[in-house]
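Per numbering that gives the first Met the number 0, the very first residue in the sequence shown carries number 0; after that it's consecutive. In this text, a Cβ means the ideal position worked out from N, Cα and C, and glycines have one as well.
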Amino acid sequence: MKRILLSISAIAALTAIVSAQSVTVFEGGRVVVGDGQVIDNASVVVTGDRITQVAPAASIKAPAGATRVSLSGKTLMPAIVDTHVHTSTTAPELENDLKQRAHFGVSAALSMGLDGTDAPFARRATTTPGLARLFLAGRGITAPEKGRTEVPFWITTPEEGRKAVQENAAKNVDIIKIWVDDRDGKFPKLTPPLYSAVIDEAHRNKLRVTAHIFSLEDARGLLKAGVDSFAHGIRDRDMDDEAAALLKARPNFVLIPNMPDRGVVADYSWLKGHIPDGEVQKIQAAATDRPQVAATWAIQARNLKRMSDAGVKITVGTDGNTPWAPHVEMADMVAAGMTPAQVIVSATRNGAEFLRIANTGTIANGMIADLIVLDANPIENITNTRKINAVYLRGAAVPR
Ligand SMILES: [Zn+2]
């Protein structure tokens, strides 16, 4: 057996590193914990990358040499976890994707099944200051969809489904993604025997399965087959009592509502200065009243509200590669009938739990300091999550 012997000078050097850990004290503001609690006039001490104290402002005195950040009139909340994205597939693009996400207060994102190159896996294995962390579903699994992306596994037999799961398991993916959607009748979709085999094989490999769904019927079938999460809400009609009962029997099930375009006029001026002006103009011009789009949105809104009221675990996911999208999604979830407090729990603690990121998602002793300083209170108005004053990832301020 080898022993590592440390000289006195090495021990002294290590001690110096530990004691030189930077201390930041966020003083005297509103703390939205991420678990539903809000603490007024609190202070938060961050030592290195960890939260080491959360207490009433009066009881905390900043140690000598600490960086002091005034939270007067401000709100501190945990950074956001986006549980449904599709990031780029090359190293430099990925770095930019995750830098942009950090800018908008996102600490981690789950890329959902279109990752067929090595770069995302290399990126996932690395934690870089100033970048959000990446989580992966590798190559998702679907029925042959000729003309669409060929990155996912196209399966037609249960054996092919099991093999696809095994290949993803070998790459240690964070979750298995499946698509169960005939895309308006244009393609075959995974049948119950196919998705049941995938779910069974995933569970044998200690992996969970999240399903892109469209119809209530498929939602019911997937729940019966033991699916762990929906990557979208039920979109074709209002959910029924049978689906509600199936969900009730599954307390660990996670819904990523991923609301579609709301189809109403919206103000995107908050993006000015954060993305190129031309892009803001394009987005603003597209945000018009479209009653048919709004009617589609309303079905999903009612289903989200019903699931939220029933206590289903909900996270925030945005689909695509838009780093600021969580701020729109959170407002959409409130428009659907969830409270801002519920939506923030979805965006923080629930997302971190779903991605199984240890010690993140809330503001409490021992948690990793992934934090957003806001200039206004998001519990009063969810769009205040857009008023970002500063972002801290793993205790370090993100340059922005
Ligand atoms: Zn997606």
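For residue i, which residues in the same chain have their Cβ closer than 8 Å to its Cβ, ignoring the five residues on either side in sequence?
i: ALA163; result: ARG138, ILE140, PHE152, ILE154, VAL197
i: THR148; result: LEU113
i: HIS102; result: HIS273, PRO322, VAL390, VAL397, ARG399
i: GLN291; result: GLY262
i: VAL37; result: ARG29, VAL30, VAL31, ALA340, ILE378
i: ALA294; result: GLY262
i: GLU200; result: GLY160, ARG161, VAL164, GLN165
How long is the line joining the alpha carbons of residue i and residue j, rounded to whole angstroms?
i: MET337; j: LEU303; result: 8 Å
i: PRO250; j: ILE367; result: 27 Å
i: ILE79; j: TYR391; result: 11 Å
i: ILE212; j: VAL43; result: 41 Å
i: GLY225; j: GLY365; result: 34 Å
i: SER106; j: ALA363; result: 16 Å
i: GLN20; j: ILE371; result: 21 Å
i: ALA142; j: MET76; result: 41 Å
i: THR190; j: ILE177; result: 12 Å
i: THR209; j: GLY350; result: 14 Å
i: GLY184; j: GLY146; result: 14 Å
i: ALA395; j: ALA300; result: 37 Å
i: THR382; j: ALA346; result: 13 Å
i: LYS98; j: ASP240; result: 43 Å
i: ILE373; j: ASN380; result: According to the sequence as given, residue 373 is Leu; it is not Ile. Cα to Cα, the separation comes out at about 12 Å.
i: ALA242; j: ARG305; result: 11 Å
i: ASP369; j: ARG393; result: 5 Å
i: VAL172; j: LYS205; result: 11 Å
i: ILE50; j: THR125; result: 22 Å
i: PRO62; j: ALA56; result: 14 Å
i: THR86; j: ASP96; result: 7 Å
i: LEU222; j: VAL315; result: 20 Å
i: GLY277; j: ALA54; result: 44 Å
i: LEU193; j: LYS281; result: 41 Å
i: ALA108; j: ILE356; result: 11 Å
Report all residues from its chain with a CB closer than 7 Å to the CB of residue i; omit the five preceding and five following residues, and keep chain order.
i: VAL279; result: TYR267, LEU270, LYS271
i: LYS170; result: PHE120, GLY137
i: ASN167; result: GLY137, ARG138, ILE175
i: LYS247; result: ALA309
i: ALA340; result: GLY35, ILE378
i: ILE59; result: VAL24, SER42, VAL44, GLN52
i: ALA286; result: VAL264, ALA265, TYR267
In terms of DSSP beta bridges, what is residue i paired with?
i: ALA108; result: ASP81, LEU133
i: TYR391; result: LEU370, ALA396
i: TRP178; result: HIS211
i: LEU75; result: VAL30, VAL372
i: LYS281; result: Bridge partners of LYS281: none, in fact.
i: THR46; result: VAL22, ARG49
i: SER228; result: THR209, VAL253
i: PRO55; result: ALA41
i: TRP323; result: DSSP lists no partner for TRP323.
i: PHE120; result: In the DSSP output, where bridge partners are listed per residue, PHE120 has none listed.
Quick check on this structure: which residue in the options has the alpha carbon closest to the alpha carbon of residue i?
i: HIS202; options: GLU158, GLY33, ILE175; result: ILE175
i: TRP296; options: THR51, ASP235, GLY310; result: ASP235
i: ARG132; options: ALA169, ASP117, GLU94; result: GLU94
i: PHE353; options: ILE313, LYS281, PRO143, ALA218; result: ILE313
i: ASN40; options: ILE381, ASN376, LYS386; result: ASN376
i: THR384; options: ALA218, VAL31, VAL172; result: VAL31
i: THR88; options: ILE381, ARG122, PRO191, PRO339; result: ARG122
i: THR127; options: LYS145, ALA90, VAL45; result: ALA90
i: ARG289; options: VAL264, VAL53, LYS205; result: VAL264
i: VAL150; options: ARG182, ASP117, ASP173; result: ASP117
i: THR317; options: VAL327, ALA309, VAL311; result: VAL327
i: GLU216; options: ALA300, ASP180, LYS185; result: ASP180
i: ASP48; options: VAL333, SER58, GLY129; result: GLY129
i: SER195; options: ASP173, GLY160, ASN204; result: GLY160
i: ALA335; options: ASN320, SER307, VAL344; result: SER307
i: PRO187; options: ARG207, THR156, LEU206, ASP199; result: THR156
i: GLY319; options: ARG355, ALA54, ARG100; result: ARG100
i: ILE387; options: ALA284, GLY72, ARG393, PRO275; result: GLY72
i: ALA84; options: ALA324, ASN358, ARG393, GLU200; result: Checking the displayed sequence, the identity of residue 84 turns out to be Val instead of Ala. Of the listed residues, the one whose Cα sits closest to VAL84 is ALA324.
i: GLN165; options: THR46, ARG219, ARG305, ARG207; result: ARG207
i: ARG182; options: GLY220, GLY104, ALA108, SER214; result: SER214
i: GLY104; options: LYS281, ASP81, GLY220, VAL253; result: ASP81
i: GLY220; options: LEU245, ASP199, GLN283; result: LEU245
i: PHE252; options: LYS281, VAL311, ALA218, GLU200; result: VAL311
Ligand 3 and residue i: does any heavy atom of the ligand fall closer than 6 Å to the residue's C-beta?
i: ASP318; result: Only ligand 1 can be found as ligands here, which leaves ligand 3 out of the picture.
Sorted by chain position, which residues of the same chain lie with C-beta nearer than 6 Å to residue i's C-beta, five sequence neighbours on each side aside?
i: ARG348; result: GLY33, ASP34, GLY360, THR361
i: GLU144; result: PHE186
i: ASP237; result: ARG301
i: THR46; result: GLN20, VAL22
i: VAL333; result: PRO339, VAL342, ILE381
i: ALA330; result: ILE381, THR382
Notebook entry, point to check: Do the stretch 112-119 and the stretch 138-148 make contact, defined as three or more Cβ pairs closer than 8 Å?
Noted result: yes
Margin query: For the stretch 216-234 against the stretch 250-257, do three or more pairs of beta-carbon atoms, one drawn from each stretch, fall closer than 8 Å, so that the two count as touching?
Written below: yes
Next item on the list: Please determine if the stretch 21-35 and the stretch 68-79 are in contact, where contact requires at least 3 C-beta pairs separated by less than 8 Å.
Entry: yes
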